[in-house]
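Here's the structure we're looking at; comments come further down.
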Amino acid sequence: MEQALIEVHDLHYTYMRGTPLETTALCGVDFSVFAGEIVGVIGPTGSGKSTLLQHLNGLLRPQRGTVRVFGQDLSNPRVDLRAIRRRVALLFQNPEDQLFERYVADDVAFGPLNLGLPLEEVRARVRRAMEAAGLPPSFENRLTWALSAGERRRVALAGVLALEPEVLVLDEPLAGLDPRGRRELAALLRGWQRQERRAVVWASHSMEEIAGLADRVYVLAEGRVVLEGPTRQVFAQGEVLARWGLEVPAVTQMLVELARAGLPVRPTALTLEEALPLLEEVLR
Amino acid sequence: MSDFEVLRTLSFGQYLPTGSILHRLDPRVRLTGVVLLALALMVNPGPAVGLLGIVLALGLLLLARVPLGHALRSLRPLLPLFAIVLALQMLFYPHRAALAAGSPLVWQWGPIVVSAASLVGALAMMLRMVAIVLLLTLLTGIADTTDLVHAVEGMLRPFQRLGLPAHELALVLAITMRFIPLLGRELERLMKAQAARGADFGRGRGNFLSRARRMLPLLIPLFLAALRRAEELALAIEARGYAGGRGRTCLVRLRMRPADFLALGIALALAALLVFLDRGG
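Chains A and B are the protein sequences, given in the same order. Residue numbers for the first sequence follow this note's numbering, beginning at 79 and rising by one. Residue numbers for the second sequence follow this note's numbering, beginning at 121 and rising by one.
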């Protein structure tokens with residue numbers, strides 16, 4: 079079996095540790111990311127998704143358990159976390175709030191400049207990243223605070239893509255966007271992932287969002303992994319998911335109901351595109 | 121630097137709802153009592169007072185069922201201050217006068233002399249600082265922001281006749297206190313987000329200006345967020361038809377019970393004890 083890029087073993091994390099307000103976010107999580115795959119992390123609010131993601135690039139250090147990124151153990155205080163962070167980039171939830179430069183291109187350049195790259199290389203990376211994030215070159219000189227929220231999110235995404243990371247970690251990348259914005263951003267991310275063949279970790283509380291994207295899925299609840307495996311296998315366990323307040327996509331749900339009503343359909347489809355041929359077969 | 125938990129290190133300022141006897145007192149009594157004791161500690165400079173103050177504060181913390189470990193952690197930020205107090209005291213104390221008055225010599229190195237009196241003075245000051253910080257930890261432990269706001273509003277109300285906008289002042293206080301943890305959390309998030317893009321705040325390279333520049337990726341979004349939040353809050357207040365304190369009734373009516381008067385009396389007596397202790401001697 080090939081070597082995992084990121085390997086998390088038995089990870090525990092407690093916020094406000096050592097104070098009367100301790101809250102446990104993770105207790106015993108195993109998690110891994112392999113080259114070129116999209117890993118979905120699903121879980122209701124407060125399940126520990128964000129805490130897990132922040133361990134993947136060393137923003138949080140493991141309190142118990144191990145996190146190995148590119149073979150390096152992040153518990154070791156001598157590991158160069160900045161070097162890790164340029165290989166594993168993290169886009170936070172609502173990243174549009176973190177823009178600080180006046181012009182779009184300057185903000186996108188913040189990451190590459192921090193890497194100490196020559197100016198020519200920074201320019202090239204900014205251009206590539208903006209294109210990948212669906213921002214036309216004319217946006218380079220636009221004022222960041224004159225943009226719409228959706229546009230600002232793309233700028234923030236471009237700022238992370240400009241690091242040209244080997245693993246891209248996304249925390250609820252589509253939260254708060256309208257349906258069209260969600261579709262467009264999902265397509266952009268998908269396109270980037272296909273073209274660059276990089277690994278992506280995608281956290282969301284929406285099964286629908288993950289369904290058509292992820293190769294493998296982890297379901298987190300109350301700080302533990304309650305289900306994991308290839309997306310299709312996990313989504314087939316609707317009852318387990320429902321127990322944790324997660325709903326399988328409406329399409330899958332419908333096929334399950336049809337099968338239960340006695341129609342000869344296999345409820346394996348996760349998206350509308352997959353469901354259509356199955357339904358046509360039945361109707362014929 | 122790997123720890124981004126800004127709020128964890130702030131031990132005082134945390135409300136601990138343990139439901140103790142102290143928690144059940146009228147908020148005005150809780151506020152006044154602690155403030156009285158702290159003021160008394162500031163008035164009287166004797167070393168015995170500091171010691172007694174610490175014992176009192178620890179006793180009250182136990183009574184409030186605040187874990188002592190938690191309270192003691194709040195003292196940690198004081199340590200560098202102690203070093204400064206000690207250094208200042210040793211440098212600027214009138215040692216020769218003290219020696220002439222019969223204070224024993226502790227240490228001498230060339231022209232530098234250190235008298236025992238200066239060390240006693242420094243110790244007394246530190247003891248009082250410890251006692252006051254413990255009292256503040258106690259206050260924030262037994263009174264959450266709502267309690268404090270009620271207390272301030274209740275105590276300012278008599279001055280309303282003189283044209284003091286008691287309710288509005290209390291609201292300003294409430295909003296300010298509510299924003300502190302919010303901004304702390306926001307700052308934490310921004311630090312992480314910028315660190316994820318390779319920013320480096322920890323190491324103090326470069327002069328003041330370049331270090332200040334490195335903080336811009338935090339400060340600009342933080343201010344923008346604060347302004348936006350303020351604007352949203354103003355709209356939300358407006359949308360609920362808020363029209364200031366005039367004709368407004370309270371959900372919580374503050375009423376002093378016998379236990380409250382008793383507690384206030386005890387606080388007064390203790391404060392008086394602290395003020396007049398070893399004054400005569």
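The beta carbon of each residue, even a glycine, is placed where N, CA and C say it ideally should be. Bear in mind the structure is a predicted one, so any value in this text is a computation, not a measurement.
Any C-beta of chain B under 9 Å from that of residue i
i                : result
PRO173 (chain A) : yes
VAL204 (chain A) : no
LEU137 (chain A) : yes
PHE170 (chain A) : yes
GLY149 (chain A) : no
THR97 (chain A)  : yes
ARG146 (chain A) : no
ARG160 (chain A) : yes
ARG156 (chain A) : no
ALA167 (chain A) : yes
PRO251 (chain A) : no
ARG142 (chain A) : no
ARG164 (chain A) : yes
Buried/exposed call for residue i, threshold 16 Cβ in 10 Å
i                : result
ILE386 (chain B) : exposed
TYR362 (chain B) : exposed
THR260 (chain B) : buried
PHE109 (chain A) : buried
SER122 (chain B) : Note on SER122 (chain B): pLDDT 44, under 50, position unreliable in the model; no value is reported.
TRP280 (chain A) : buried
GLY139 (chain B) : exposed
GLY401 (chain B) : Any reading at GLY401 (chain B) is ruled out, since the residue's pLDDT is 41, under 50, leaving its predicted position unreliable.
ASP267 (chain B) : buried
GLY106 (chain A) : exposed
GLN209 (chain B) : buried
GLU61 (chain A)  : Outside the shown range of chain A, which is 79 to 362, sits residue 61 (chain A), and nothing can be said about it.
ASP175 (chain A) : buried
PHE381 (chain B) : exposed
ASP146 (chain B) : buried
SER128 (chain A) : buried
ASP185 (chain A) : buried
Of the residues the options, the one placed nearest residue i, counting alpha carbons only
i                : options                                   : result
GLY241 (chain B) : B:ALA356, B:ALA207 and B:HIS287           : B:ALA207
ASP256 (chain A) : A:ALA281, A:ASP249, A:PRO243 and A:GLU229 : A:GLU229
GLU179 (chain A) : A:ASP158, A:HIS133 and A:ASN219           : A:ASN219
TYR181 (chain A) : A:ARG302, A:TRP270, A:HIS283 and A:MET208 : A:MET208
ILE174 (chain B) : B:LEU243, B:GLY166 and B:LEU254           : B:LEU254
THR97 (chain A)  : B:MET210, B:ALA356, B:GLN134 and B:MET162 : B:GLN134
ARG275 (chain A) : A:GLU242, A:GLU174, A:THR123 and A:ALA103 : A:GLU242
VAL247 (chain A) : A:GLY136, A:GLY124 and A:MET332           : A:GLY136
PRO251 (chain A) : A:GLY269, A:ARG232 and A:VAL245           : A:ARG232
LEU199 (chain B) : B:PRO224, B:VAL250 and B:LEU303           : B:VAL250
GLY194 (chain A) : A:ASN172, A:GLN171, A:ARG160 and A:LEU177 : A:ARG160
ALA177 (chain B) : B:ASN164, B:PHE279 and B:ALA191           : B:ALA191
GLY318 (chain B) : A:VAL117, A:ALA339, A:LEU298 and A:ARG164 : A:ARG164
Limits of the unbroken alpha helix (DSSP H) element including residue i
i                : result
PHE343 (chain B) : 328-359
ALA161 (chain A) : 159-165
SER140 (chain B) : SER140 (chain B) -> no alpha helix (DSSP H), and no H or E assigned at all.
THR266 (chain B) : 265-276
SER238 (chain B) : 236-262
Residue i beta carbon near the ligand COA (any heavy atom closer than 8 Å)
i                : result
VAL240 (chain B) : Absence of the ligand COA from the depicted structure is noted, as is the absence of any ligand whatsoever, leaving it without description.
Residue-chain proximity (residue i, chain A), Cβ-Cβ < 9 Å
i                : result
LEU192 (chain B) : no
GLY365 (chain B) : no
ARG309 (chain B) : yes
GLY401 (chain B) : Confidence in GLY401 (chain B) is poor, its pLDDT being 41 and thus under 50, which makes the residue's placement unreliable; the coordinate value appears in the next sentence. No, its Cβ sits nowhere closer than 9 Å to a Cβ of chain A.
ALA389 (chain B) : no
ALA263 (chain B) : no
ARG317 (chain B) : yes
ASP267 (chain B) : no
ALA313 (chain B) : yes
GLN228 (chain B) : no
GLN134 (chain B) : yes
N- and C-terminal bounds of the beta strand (DSSP E) containing residue i
i                : result
HIS120 (chain A) : This sequence places Ile at residue 120 (chain A); His is not what is there. Segment 116-120, the beta strand (DSSP E) holding ILE120 (chain A).
PRO308 (chain A) : 302-308
GLN132 (chain A) : First-last for GLN132 (chain A): 127-133, but that is the alpha helix (DSSP H), not the beta strand (DSSP E).
LEU248 (chain A) : 245-249
PHE396 (chain B) : Element bounds for PHE396 (chain B): not the beta strand (DSSP E) but the alpha helix (DSSP H), 378-396.
VAL295 (chain A) : 294-299
GLN271 (chain A) : Here GLN271 (chain A) belongs to no beta strand (DSSP E); instead the alpha helix (DSSP H) covers 257-274.
HIS90 (chain A)  : 84-93
PHE109 (chain A) : 101-111
- Query: Mind listing which residues of the region 176-197 of chain A have their C-beta closer than 8 Å to chain B's C-betas, in chain order?
  - Reply: So the list reads GLN176, LEU177, PHE178, PHE188, GLY189, ASN192 and LEU193, given in the order they occur along the chain.
- Message: Counting only Cβ-Cβ distances shorter than 7 Å, please list the residues of the region 326-356 of chain B near chain A, keeping chain order.
- Response: LEU336, PRO337, ILE340, PRO341 and ALA345
- Task: Taking a Cβ distance cut-off of 8 Å, strictly less, list which residues of the region 216-249 of chain A are near chain B, in chain order.
- Result: TRP223, GLY237, VAL238 and LEU241
- Which residues, in order along the region 111-135 of chain A, keep a beta-carbon less than 9 Å from a beta-carbon of chain B? GLN132 and ASN135
- Message: Tell me which residues of the region 296-307 of chain B have at least one Cβ-Cβ distance to chain A shorter than 9 Å, keeping chain order.
- Response: GLU306
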